[in-house]
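Asker: When the letters of the sequence shown are read in order and numbered with our numbering, they come out as residues 2 to 383. Where a beta carbon is used, it is the ideal one built from N, C-alpha and C, also for glycine.
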Amino acid sequence: MGSSHESSEPPEVAEIASLFDVYEIRRDGDRVLYIGEPTVPGGRLEKELWPLFRERGYEVSLQRGYKGQEGVPLSRGEYVLVAEPWSIGVDGIPWTNVVLFVATVFSTLFAGAFFWYQVPLTQEPWRALEAWPFVVAIMGVLGVHELGHYVMSRYHNVQASLPYFIPLPTYIGSMGALIRMKGRIPDRKALFDIGASGPLAGLVATVVVTAIGLQLDPLTVQQTTVEGGGEQVVFNEPPLLEIIAALTGTTERLESGVVHPVVFGGWVGMLVTLLNMLPVGQLDGGHILRAVVGEKQRLIAAAVPGALFALAGYLLFVRDGVNSVGIWIMWGLFALGLAYAGPATPVDDDPLGWGRIALAVLTFVLAALCFTPVPIEIVEAS
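(1) Within a Cβ cutoff of 7 angstroms, which residues of the same chain sit near Ser8, ignoring the five residues on either side of it in sequence?
(2) Is the beta carbon of Leu53 closer than 8 angstroms to that of Pro408?
(3) Inspect the CB distances between the stretch 208-220 and the stretch 171-187 and report whether three or more fall short of 8 angstroms.
(4) What residue does the alpha helix (DSSP H) around Pro306 start on, and which one ends it?
(5) For Gln224 and Asn237, I'd like the C-alpha separation in whole angstroms.
(6) My output table needs one value for Pro407: the three-state DSSP class, helix, strand or coil.
(7) Just to confirm before moving on: does the CB-CB distance between Val210 and Gly287 stay below 8 angstroms?
(8) Going along the chain, which residues of its own chain have a beta-carbon closer than 8 angstroms to the beta-carbon of Pro11, five neighbours each way excluded?
(9) Quick test of your reading: Met140 and Thr105, contact by CB under 8 angstroms. State the CB separation rounded to the nearest angstrom.
(10) On the DSSP letters alone, give me the boundaries of the beta strand (DSSP E) that Ile26 sits inside.
(11) Quick check: what's the CA-CA separation for Glu16 versus Thr346?
(12) What are the start and end residues of each continuous alpha helix (DSSP H) run of 4 or more residues lying completely inside the stretch 35-122, in chain order?
(13) Report, in whole angstroms, the separation of the C-beta atoms of Met271 and Leu242, which I expect to be a contact under 8 angstroms.
(14) Which same chain residues end up closer than 7 angstroms to Gly113 when comparing Cβ atoms and leaving out the 5 residues on each side of it in sequence?
(15) Taking Gly30 as the reference, give the member of Gly69, Phe107, Gly144 and Gly44 with the closest Cα.
(16) The beta strand (DSSP E) spanning Ala178 covers which residue range?
(17) On the DSSP bridge list, what partners appear for Ala161?
(18) From what residue to what residue does the alpha helix (DSSP H) around Val142 run?
(19) Should Ser108 go down as buried or exposed, given a rule of 16 or more other Cβ atoms within 10 Å for buried?
(20) Any idea if Ala340 is buried or exposed, counting beta-carbon neighbours within 10 angstroms, 16 or more meaning buried?
(21) As a quick exercise: from Val273, Pro306 and Val260, pick the residue whose alpha carbon is nearest that of Val281.
(22) Name the residue from Ile377, Ala202, Ala18 and Glu49 whose alpha carbon lies nearest to the alpha carbon of Val235.
(23) Would you check if the distance between the CB atom of Phe116 and the CB atom of Tyr172 is smaller than 8 angstroms?
(24) Using the C-alpha atoms, what's the distance from Val205 back to Gly199?
(25) Nearest CA to the CA of Phe365: which residue from Ile330, Gly343 and Ile289?
(26) Excluding sequence positions up to five away, which residues of its chain have a Cβ less than 6 angstroms from the Cβ of Ala361?
(27) So, for Glu13: in the same chain, excluding its five sequence neighbours on each side, which residues have a beta-carbon less than 7 angstroms away from its beta-carbon?
(28) According to DSSP, is Val222 helix, strand or coil?
(29) I'd like the list of long-range same chain contacts for Gln283, defined as Cβ closer than 8 angstroms, with 5 residues on each side in sequence excluded.
(30) May I ask which residues mark the beginning and end of the alpha helix (DSSP H) holding Leu279?
(31) Under the assumption that Trp332 contacts Leu353 (Cβ atoms under 8 angstroms), give the Cβ distance between them as a whole number of angstroms.
(32) Taking the alpha carbon of Glu296 as the point to measure from, which residue in Gly356, Asp351 and Thr207 has its own alpha carbon closest?
(33) Taking 8 angstroms as the limit between beta carbons, can you name the residues of its chain near Gly358, skipping five residues before and five after?
(34) So which of Phe372, Gly66 and Arg299 has the shortest CA-CA distance to Ile328?
(35) Exposed or buried, what is Ala369 when buried is set at 16 or more other beta-carbons lying within 10 Å of its beta-carbon?
(36) Out of Gln233, Ile94, Gly322 and Ile330, point me to the one whose CA is closest to Leu163's CA.
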């Protein structure tokens with residue numbers, strides 16, 4: 002069940018008169034619209050009114066040119082304080098989340114059985130269940146990452162959905178998972194905590210999954226999966242994977258290329274962490290950087306697409322290969338759109354303390370250990 006404040010009465014005009022000169026109040030569905038003129042700068046207005054509206058069970062934002070959810074006619078030049086009922090939690094059974102979760106379990110089970118355990122599914126389909134460790138590994142690292150965001154969102158009273166898993170029957174079995182956040186983030190502390198909790202929680206799960214996978218007896222399935230025509234797809238190890246192997250005394254096993262498929266779950270966790278930590282838009286890295294440096298985040302984010310395109314160019318023209326070029330071009334385009342859309346803006350933009358700044362540096366360092374310029378390549382089978 003969702004939770005919200007019992008009071009449904011929005012603040013009276015007199016309670017906000019010192020900050021916002023109201024000359025009309027309208028209703029737009031469940032929203033309350035205060036139309037008028039701010040008497041203080043917009044940032045200060047939202048910051049000072051936020052606690053009052055939250056106490057009454059509303060989130061508030063200042064807009065100019067409010068379009069309305071039911072076509073409320075307002076001219077473009079009018080300032081509007083939009084008060085919207087606020088709640089956190091889940092109402093009823095989240096069927097969309099459940100269906101996507103089940104679908105992703107099946108797609109991941111198929112991927113593990115077909116590509117990694119090489120089960121003859123057409124003759125013995127029930128043997129797909131042999132791939133359950135692969136499913137737990139993939140779903141675990143993805144789910145823990147998103148649950149980290151969800152728990153911190155609830156902690157800071159920010160509306161967030163349960164994770165949406167995305168099924169895709171490829172080598173991984175999924176395109177990942179995400180949660181949807183609605184409403185404003187109260188301050189930079191909340192923005193940082195929500196942004197960093199996913200990668201850090203996901204990395205803990207990734208390290209555990211990888212360490213366990215490296216201790217399991219290898220199958221006859223290679224770390225490389227063979228394609229038709231004498232080619233094979235190779236998933237190269239990032240530094241973090243090599244460090245875990247060294248710490249667990251399994252470096253020789255990792256270098257042999259013959260490992261348990263559970264290790265690939267850890268590899269996926271590292272790739273997901275790396276991509277999510279790109280410091281653009283509303284990716285985790287974008288949230289963290291925005292919380293640390295404020296508005297300067299936009300300047301740094303603007304350079305990220307160029308860096309990804311440059312990496313693709315380096316791989317193509319200097320290393321004379323096309324492996325992973327498409328990945329970095331695709332993410333460069335994605336980052337371009339995210340940088341243009343901009344980051345989340347907290348209501349209270351006061352700076353972070355040094356503790357969180359140090360944790361931000363550590364999080365980016367850990368993400369850097371998940372980087373390899375060619376995560377996936379196609380080579381001739383030996």
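Answerer: In short:
(1) Within the sequence shown, numbered from 1, the residue matching residue 8 stands at position 7. In this prediction, Ser8 has a pLDDT of 49, which is less than 50 and means its spatial position is unreliable; what the coordinates show is noted afterwards. Within the same chain, Ser8 has close Cβ partners Arg57 and Gly58.
(2) Since the first residue of the chain shown is 2 and the last is 383, residue 408 is not available in this structure.
(3) no
(4) Against the sequence shown, residue 306 aligns to sequence position 305. Note, Pro306: alpha helix (DSSP H), Gln298 to Gly314.
(5) If you number the sequence shown from 1, residue 224 lands on position 223. If you number the sequence shown from 1, residue 237 lands on position 236. Residue placement at Gln224 is poorly supported in this model, since its pLDDT is 46, which falls under 50; the coordinates are not used for a value here.
(6) As displayed, the chain neither begins before 2 nor continues past 383, which places residue 407 out of reach and without an answer.
(7) Counting from 1 along the sequence shown, the entry for residue 210 is found at position 209. Counting from 1 along the sequence shown, the entry for residue 287 is found at position 286. Contact flag unset, no.
(8) Counting from 1 along the sequence shown, the entry for residue 11 is found at position 10. Excluding positions up to five away in sequence, the list reads Val33, Phe54, Arg57, Tyr59 and Ala84.
(9) Stepping through the sequence shown from its first residue, residue 140 is reached at position 139. Stepping through the sequence shown from its first residue, residue 105 is reached at position 104. Confirmed, about 7 angstroms.
(10) What you label residue 26 is simply residue 25 of the sequence shown in a count that begins at 1. Residues Phe21 to Asp29.
(11) By one-based count along the sequence shown, residue 16 stands at place 15. By one-based count along the sequence shown, residue 346 stands at place 345. Approximately 25 angstroms, taken between the alpha carbons.
(12) 43-56 and 96-112
(13) Taking the first residue of the sequence shown as position 1, residue 271 is located at position 270. Taking the first residue of the sequence shown as position 1, residue 242 is located at position 241. Indeed, because the Cβ distance is near 6 angstroms, the residues count as touching under 8 angstroms.
(14) Position 112 of the sequence shown, counted from the start, is the residue given in the question as residue 113. Result list for Gly113: Ala132, Phe135, Val136, Gly174 and Pro262, in chain order.
(15) Here residue 30 refers to the residue found at position 29 of the sequence shown. If we check each option's Cα against that of Gly30, Gly69 comes out closest.
(16) In the sequence shown, residue 178 corresponds to position 177, counting from 1. Counting along the chain, the beta strand (DSSP E) containing Ala178 begins and ends at Gly174 to Leu179.
(17) Here residue 161 corresponds to residue number 160 of the sequence shown, with the count starting at 1. According to DSSP, Ala161 bridges with Met182.
(18) To locate residue 142, count along the sequence shown from 1; it is residue 141. Trp133 to Tyr156 is the span of the alpha helix (DSSP H), which, as asked, contains Val142.
(19) Taking the sequence shown and counting its residues from 1, the one referred to as residue 108 is at position 107. Per the 10 Å Cβ criterion, buried.
(20) Walking along the sequence shown from the start, residue 340 turns up at place 339. It is buried - the Cβ of Ala340 has at least 16 other Cβ atoms within 10 Å.
(21) By one-based count along the sequence shown, residue 281 stands at place 280. Nearest of Val273, Pro306 and Val260 to Val281, Cα basis: Pro306.
(22) Position 234 of the sequence shown holds residue 235. Ranking the options by Cα distance to Val235, first place goes to Ile377.
(23) Along the sequence shown, one-based indexing puts residue 116 at 115. Along the sequence shown, one-based indexing puts residue 172 at 171. Yes. Within cutoff.
(24) For the purposes of this step, residue 199 is taken as the residue at position 198 of the sequence shown. For the purposes of this step, residue 205 is taken as the residue at position 204 of the sequence shown. When rounded, the distance between both Cα atoms is 10 angstroms.
(25) For the purposes of this step, residue 365 is taken as residue 364 along the sequence shown, with counting starting at 1. The shortest Cα separation from Phe365 among Ile330, Gly343 and Ile289 belongs to Ile289.
(26) Indexing the sequence shown from 1 puts residue 361 at position 360. Around Ala361: Ile289 and Val293.
(27) Sequence index remark: in the sequence shown, residue 13 carries index 12 (1-based). Nothing meets the Cβ criterion.
(28) For the purposes of this step, residue 222 is taken as residue 221 along the sequence shown, with counting starting at 1. Confidence in Val222 is poor, its pLDDT being 48 and thus under 50, which makes the residue's placement unreliable; the coordinate value appears in the next sentence. Coil, per DSSP.
(29) Walking along the sequence shown from the start, residue 283 turns up at place 282. Contacts found: Leu339, Ala342, Pro344 and Ala345.
(30) As a working note, residue 279 is residue 278 in the sequence shown. Note, Leu279: premise wrong, no alpha helix (DSSP H); not H, not E.
(31) Within the sequence shown, the letter at position 331 stands for residue 332. Within the sequence shown, the letter at position 352 stands for residue 353. Contact flag wrong, Cβ pair sits at about 27 angstroms.
(32) Reading the sequence shown from its first residue, position 295 is the one you call residue 296. For Glu296, the nearest C-alpha among the options comes from Asp351.
(33) Residue 358 sits at position 357 when you count from the first residue of the sequence shown. Note that residue 358 is Ile in the sequence shown, not Gly. Cβ neighbours of Ile358 beyond the five flanking positions: Val293.
(34) Your numbering for residue 328 matches position 327 in the sequence shown. For the residues Phe372, Gly66 and Arg299, the minimum Cα distance to Ile328 belongs to Phe372.
(35) Walking along the sequence shown from the start, residue 369 turns up at place 368. So Ala369 ends up on the exposed side.
(36) Residue numbering aside, residue 163 sits at position 162 when the sequence shown is read from its first letter. For the residues Gln233, Ile94, Gly322 and Ile330, the minimum Cα distance to Leu163 belongs to Ile94.
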